[in-house]
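Everything in the sequence shown is counted per the working numbering, starting at 7 for the first residue and increasing by one.
Built from N, CA and C at the ideal position, the CB exists for glycine as well.
Predicted, not measured: the structure shown is a model, and the values here were computed from it.
Notes follow the structure.
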Amino acid sequence: MYNHVLYLSYWLVSFAVFYLAHLFFPEDFVLGNWKFTALEAGIYSSFWLVFFVWIVWDFLLSRGVKFEQNLAWFLYFWAVNSVGIWLVAKLSQILGLGISDFVWAIGVGLIVNLAQRLVWKFITKRNLGY
7 MYNHVLYLSY WLVSFAVFYL AHLFFPEDFV LGNWKFTALE AGIYSSFWLV
57 FFVWIVWDFL LSRGVKFEQN LAWFLYFWAV NSVGIWLVAK LSQILGLGIS
107 DFVWAIGVGL IVNLAQRLVW KFITKRNLGY
């Protein structure tokens with residue numbers, strides 16, 4: 007049951023980070039296009055980011071990948087979130103998220119990853135080790 011709550015929580019915190027990034031840095035992190043408002047674009051973009059993260063996560067679980075250190079998990083999912091943001095931004099005409107440079111994907115990916123880790127710790131009550 008907690009997988010559904012975790013997915014929804016990841017979606018909500020990703021949306022919050024996206025929307026705040028858009029509010030504070032509107033020239034570099036753009037939500038919205040001719041089809042979607044900023045709110046709609048934030049909802050759709052954060053959904054597809056979390057969907058991408060979830061697919062990668064399920065793939066790792068199915069392959070039995072085990073990182074020995076929690077830092078390795080953190081760095082890996084930072085990369086997954088950053089690549090996911092970049093991929094979503096590449097589909098800006100469809101999803102409504104645009105970034106000015108890949109550096110924004112890395113930075114926002116870090117913040118989203120930190121937020122997701124906090125949600126993970128809160129919902130699963132597991133110690134992350136960092």
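Inset, instruction - Could you give the DSSP three-state label for W38: helix, strand or coil? - result: In the sequence as displayed, the identity of residue 38 is Gly instead of Trp. Residue state, collapsed to three classes: coil.
Inset, instruction - Classify L66 as helix, strand or coil using the three-state DSSP reduction. - result: helix
Inset, instruction - Put G104 into one of helix, strand or coil per three-state DSSP. - result: Note: G104 maps to strand in three-state DSSP.
Inset, instruction - Count the C-beta pairs between the region 32-48 and the region 120-129 that are closer than 8 angstroms, then say yes if the count reaches three, no if not. - result: no
Inset, instruction - Quick one: measure Cβ to Cβ for S52 and F21, integer angstroms, because I've assumed they're closer than 8 angstroms. - result: 4 angstroms
Legend entry - 9 angstroms Cβ cutoff met for F108 and V86: Going by C-beta atoms, F108 is not nearer than 9 angstroms to V86.
Legend entry - A78 versus T130: straight-line alpha-carbon distance, rounded: 19 angstroms
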